[in-house]
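*Asks:* Have a look at this one before I ask anything.
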Amino acid sequence: MTIDAVYILQLTLNGLALGLLYALIAVGLSLIFGVMEIINFAHGELLMLGAYAMTFALPVVGLLYWPALAAAILLVMLAGLLVYEILLARLRPDEFERSILITLGLSIILIHTVQYFFTATPRIVDTQYGFDGVEIGNIRITLTRLIGAAAALVAFAGLYSTLRFTQFGRAMRAIAQNREAALMVGIRPRVVARNAMVLAAGLCGLGGAALAPIQLVTPYMGQFLIFKAFALVTIGGLGNIPGAVVAAVVLGLLESVIGGFFASAWQEGSVFVVMIVALLLRPEGLFKRGGMRVG
Amino acid sequence: MKLAAALAAAAVFAVLPLLTSSNYVIGIGISALVFTTAAAALNLVYGFTGLLSFAQLGFWGIGGYAAALTVVGLGGSFWSGVVLAGVICGTIALVVGYPMLRTNRHAFVIATLTFALLATLIARDWVSLTRGPLGIPDLPAPEAFGRRFDTPRQFYWIAWAFAMAAIAFLFALCSSRIGRTLVAIKQNEPLVRAQGISPMPYKLAAFALSAAITGAAGGVYCFNLRIIDPTFLDFYYMQTFLIIVIIGGAGSFWGVIGAGIALSALPEALRFSEDLRMIIYGVILVVAMFVMPSGVAGWLRERRLARMREALR
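Chains as they are written, first to last, in the numbering used here: chain A, 1 to 295; chain B, 1001 to 1313.
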């Protein structure tokens, strides 16, 4: 096979876009784990809700991209708040298995409720941008893909500055680093956990809404992404946000390049193979966990 | 007392084909036996050792494919297929279990989950081995001593014998010194280390044995379905095993067995609405985690303790 520079570049760009999307999900998972020590199995379903919200909001606002995106994010944040207040607030910090099983049950309920009302038929989402694209030399990227990647980057910058420079974010890092000490200086874990959940849900809503015009929307779209995101946060070290971002982007690139040259089975399987190898070498994750590190 | 009840239940299950002429009831009976066995195997890792393993789904599927391919691809018999399914799953569990068990319990859950998904992907995408989404149809009926176990009624005896052997083995294991060590690891691992017991070989053995039994159960079940395709690795099976263990009470041997028999009939009872069925499953899981976090067995145990405290007062 001749190696074509344009082809490689195309694969790289696709991989970057894919990786940023994975990172949106993985960062939310990492944040929730860091603050609450909970692995949220229903996280992919929040993404799916975001995509469906985008699907139904777009016709209402006349296919305008940004208002629909905002509506979807708000809706998913609200869903995150409800999930926290109704289910997760009742858990004690040491009930790890219980949290998994509860969020697993929630994920089953969400998937099948959406399927019940909107059927499992995949939906194609049209926006004001349609299939417009940007051409750079011989490479063509659709605008929706580009906006999705850009929005993800902006979201990371926003998350970074929130965690780094605001009291709101500092409280989250404090809880993640040392729960007892944070309590002692007057940080309320319940409020912080709620904020973290809503923030993570917002990131997920953004991911889902940005993904809706790029690929088909089905009730099961979140499930596959979430399992990959699980592998990513394990590789990056649970609760380690930069680790999750790096792992997500690298894995997105790897998948895209492998998908370009080998059979699709290798593309899907690569994440899992990398995870097993990474765990064998570094059981605590490649990027050692020391609380939730930001920068 | 419990053992007597269990033997009575085993006897009732043994004569079930003589009591009913309905193939539908026999079919549910086969599912109940196989699912209960798989749930008891999950109980060994989750309930006794405290390791929540989603890899069971992967072993269930790998076992099914191993048994089917032994018969169709290698021309072996059903029996060698089931044995090979158990051996292959146990070996894989030893290999992947070692790196997984070195991590903490949070990462272990995720690692086992991704293992199960990897198995699903392989079943779907490695077409030259598994024949991809089309699956392997028309699995032949098992044969022994010149008899063909062709009808569900005859196959029922195989499922019964398998379930009894596996459950008896698990019971012997769980009530032995090894079983008590596993419970100790679940309750306080540092203390186990302090007693001079290395937890790793015990955890690895529990994981591998549970994988072998789940794999063999998958092998038996796919010959009941007579076809195996990637839907055999549907997450639905994992949910069923988990709900049986949780409702029965993780760590309670007979609680899980009882729940397995009772709950295998549940999907059939809920069959009136295929769409609502899974929603109800999810609701049961969430509600059970809040109302009875330690299952029916745990709830009964707490009630007994409360009564004893009352009597002492």
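No residue lacks a Cβ here, since even glycine has one placed at the ideal position from N, Cα and C.
Does the Cβ of B/Leu1117 have 16 or more other Cβ atoms within 10 Å, making it buried, or fewer, making it exposed?
*Replies:* buried
*Asks:* Please tell me whether A/Thr127 and A/Leu58 are closer than 8 Å, where the distance is taken between their beta carbons.
*Replies:* For A/Thr127 and A/Leu58, yes; Cβs fall inside 8 Å.
*Asks:* Can you confirm whether A/Val50, when its beta carbon is compared against all beta carbons of chain B, has any partner nearer than 8 Å?
*Replies:* The question names Val, but residue 50 of chain A in the sequence shown is Gly. So, not an interface residue.
*Asks:* Using the three-state DSSP reduction, which class does A/Val92 fall into: helix, strand or coil?
*Replies:* The amino acid at residue 92 of chain A is misidentified as Val; the sequence shows Arg. Coil, per DSSP.
*Asks:* If we cut at 8 Å on Cβ distances, does B/Met1289 have a partner in chain A?
*Replies:* yes
*Asks:* Using a Cβ cut-off of 8 Å (strictly closer), state whether A/Leu280 contacts chain B.
*Replies:* yes
*Asks:* Take the Cβ of A/Ala263 as the centre, count every other Cβ of all protein chains shown within 10 Å, and call the residue buried at 16 or more, exposed below.
*Replies:* exposed
*Asks:* Whole angstroms are fine: how far does the CA of A/Thr144 sit from the CA of B/Leu1033?
*Replies:* 52 Å
*Asks:* Taking Cβ positions only, does B/Val1045 come closer than 8 Å to chain A?
*Replies:* no
*Asks:* Going along the chain, which residues of its own chain have a beta-carbon closer than 6 Å to the beta-carbon of A/Met36, five neighbours each way excluded?
*Replies:* Ala193
*Asks:* Is the shortest distance between the beta-carbon of A/Ala231 and the beta-carbons of chain B less than 8 Å?
*Replies:* yes
*Asks:* Report yes or no: do three or more beta-carbon pairs, one from the region 1082-1093 of chain B and one from the region 1233-1247 of chain B, lie closer than 8 Å?
*Replies:* no
*Asks:* Less than 8 Å separating the beta-carbons of A/Ile25 and A/Ile226?
*Replies:* yes
*Asks:* Can you tell me where the beta strand (DSSP E) holding A/Glu135 begins and where it ends?
*Replies:* 133-136
*Asks:* Which runs of the beta strand (DSSP E) spanning at least 3 residues fall entirely within the region 1016-1059 of chain B, listed in chain order?
*Replies:* none
*Asks:* Report the neighbours of B/Pro1293 on chain A: residues whose CB is nearer than 7 Å to its CB, in chain order.
*Replies:* Arg98
*Asks:* Could you check what DSSP says for B/Ile1228 in three-state terms: helix, strand or coil?
*Replies:* For B/Ile1228, the secondary structure class from DSSP, reduced to helix, strand or coil, is strand.
*Asks:* Starting from A/Ile187, trace the alpha helix (DSSP H) both ways and give me its first and last residue.
*Replies:* From DSSP, A/Ile187 is part of no alpha helix (DSSP H); its letter is neither H nor E.
*Asks:* What does B/Pro1099 reach in chain A if we use C-beta pairs closer than 8 Å?
*Replies:* Ile276, Leu279, Leu280, Pro283, listed in chain order.
*Asks:* Is A/Phe142 helix, strand or coil when you go by DSSP?
*Replies:* First, the residue type needs correcting, since residue 142 of chain A is Thr and not Phe in the sequence shown. Strand at A/Thr142.
*Asks:* Give me the Cα-Cα distance between B/Val1245 and B/Gly1050, rounded to the nearest whole angstrom.
*Replies:* 12 Å
*Asks:* Going by CA-CA distance only, name the one from A/Gly28, A/Val257, A/Val250, A/Ala5 that's closest to A/Leu238.
*Replies:* A/Gly28
*Asks:* One question on the structure: do B/Val1109 and A/Ile100 come within less than 8 Å of each other, judged by their Cβ atoms?
*Replies:* yes
*Asks:* Taking B/Thr1036 as the reference, which of B/Trp1299, B/Arg1307, B/Met1292, B/Leu1242 has the closest Cα?
*Replies:* Comparing Cα positions, the closest option is B/Leu1242.
*Asks:* Leaving aside the five residues before and after A/Leu31 along the sequence, list all residues of the same chain whose C-beta is less than 7 Å from its C-beta, in chain order.
*Replies:* Ala196, Leu199, Ala200, Ile241
*Asks:* Under the three-state reduction of DSSP, which class applies to A/Val217: helix, strand or coil?
*Replies:* strand
*Asks:* What residues from the region 1074-1096 of chain B come within 8 Å of chain A, judged by C-beta to C-beta, listed N to C?
*Replies:* Those residues of the region 1074-1096 of chain B placed with their C-beta closer than 8 Å to a C-beta in chain A are Val1096, ordered along the chain.
*Asks:* If distances are taken between C-alpha atoms only, which option among A/Val76, A/Tyr160, A/Ile39 comes closest to A/Ala51?
*Replies:* It is A/Val76 whose Cα lies nearest to the Cα of A/Ala51.
*Asks:* Assuming contact is defined by CB atoms lying nearer than 8 Å, are A/Ser270 and A/Leu11 in contact in what I supplied?
*Replies:* no
*Asks:* In terms of alpha-carbon separation, which member of A/Leu64, A/Gly208, A/Tyr129 lies closest to A/Gly44?
*Replies:* A/Gly208
*Asks:* B/Gly1076 lies in the alpha helix (DSSP H); which residues open and close that run?
*Replies:* Looking at the DSSP string, B/Gly1076 is not in any alpha helix (DSSP H), and its letter there is neither H nor E.
*Asks:* What did DSSP end up calling B/Glu1189 once you bin it into helix, strand or coil?
*Replies:* helix
*Asks:* If we call anything under 8 Å between Cβ atoms a contact, is B/Gly1249 one with B/Gly1179?
*Replies:* no
*Asks:* Using DSSP's beta-bridge definition, name the partner residues of A/Arg194.
*Replies:* A/Arg194 is not bridged to any residue.
*Asks:* Run down chain A in chain order and give the residues with a C-beta less than 7 Å from the C-beta of B/Met1278.
*Replies:* Ile108, His112
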